[in-house]
Amino acid sequence: NIKYTKKGWINRNRLLQNGRDVMFSLPLKRDSDHLDVRERELAADFNRAKLINQVNGAYRGAPYFQQTFPLLEQILRHEEMNLFTFLHNSILKTCGHLGILTEIRVSSSIAIDHDLKNQDKVVALCEAAGASTYVNAIGGMDLYSRESFKEKGIDLKFIRSKPFEYAQFGAGFVPWLSIIDVMMFNPLETIQTCISTNYELI
2 NIKYTKKGWI
12 NRNRLLQNGR
22 DVMFSLPLKR
32 DSDHLDVRER
42 ELAADFNRAK
52 LINQVNGAYR
62 GAPYFQQTFP
72 LLEQILRHEE
82 MNLFTFLHNS
92 ILKTCGHLGI
102 LTEIRVSSSI
112 AIDHDLKNQD
122 KVVALCEAAG
132 ASTYVNAIGG
142 MDLYSRESFK
152 EKGIDLKFIR
162 SKPFEYAQFG
172 AGFVPWLSII
182 DVMMFNPLET
192 IQTCISTNYE
202 LI
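What the sequence shown shows, in this note's numbering, is residues 2 to 203, in sequence order.
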C-alpha cells in the first residue's frame with residue numbers, strides 16, 4: 002500500500018539491446034496518480050507477446066538464454082491485470098528460480114495502523130514482525146533516523162550494492178540493468194554468490 006509514482010521503477014526497467022540500455026515498461030490503465038500500487042491496473046491493450054518478442058530479440062544469443070527465457074515468458078504471460086499482484090508473482094517466480102528462500106510478506110497484510118506514514122510506518126511494521134534489524138536501500142539514508150529506530154530497539158542498516166561486472170555480448174559493459182540481463186549472462190551459482198556477498202551494510 003505505497004503510492005504509485007511515475008518517476009519510480011515500479012513498472013519499468015532497462016535491458017540490453019544492440020549494445021545499449023533500452024527502457025521497457027508495463028503499460029498501465031489511465032487512472033489517478035494518487036492511487037496506491039495495489040489499486041493500479043495493467044492496460045487492457047498490454048501486448049505481452051510484443052514485450053516477450055523484445056526480450057527474445059535482445060537476448061537470444063546470450064549464454065543462459067535457454068534457462069532464463071522460459072521463466073520470463075511464464076511471468077509475462079501471467080494473466081493477472083492488477084499491477085501489484087502481477088509484480089508480486091514475478092518476484093516470487095524469480096526468487097524461486099534463483100533459490101532465494103527468504104519469506105516475502107505483503108506489508109498491507111500486517112496488522113498495524115496503515116494510516117501511519119514514512120518512518121513511523123516502517124517502525125510499526127518492524128515491531129509487528131518482531132524485527133531487531135531493519136535494512137533499507139542506500140537511497141533512504143536521508144529519510145530515516147538511526148536514533149528513532151534505536152529507541153524502539155531496532156538496528157537500522159543501509160545496503161549498498163557493489164558493482165557487478167560480467168561479459169555481455171563482447172562490447173563494453175553496460176551496468177545497472179534488469180535482473181533479466183544478469184540471468185541471461187551468468188550461471189545461477191554466480192548469481193547466488195553475488196546476491197549473498199556483493200554488498201555492504203552501512
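The C-beta atom is built at its ideal place from N, Cα and C for all residues, glycine as well.
This one's a predicted model, so the numbers in the text were calculated from it and none came from an experiment.
query                                                                                                       : result
Reduced DSSP category for K4 - H, G, I as helix; E, B as strand; rest coil                                  : strand
Cβ distance (whole Å) where R161 is taken to contact I192 below 8 Å                                         : With 8 Å as the limit, R161 and I192 do not qualify as a contact, their Cβ atoms being about 19 Å apart.
Bridge-paired residues (DSSP) for T134                                                                      : D156
Coil, strand or helix - N14 by DSSP                                                                         : strand
Coarse secondary structure for N90, derived from DSSP in three states                                       : helix
L17 classed as buried or exposed, judged by whether at least 16 other C-beta atoms fall within 10 angstroms : buried
Cross-strand partners of L43 (DSSP beta bridge)                                                             : L29
Contact check, K153 vs E190, beta carbons under 9 Å                                                         : no
Closer than 8 Å: L126 CB and nearest the ligand FAD heavy atom                                              : This structure lacks the ligand FAD, and indeed carries no ligand of any kind.
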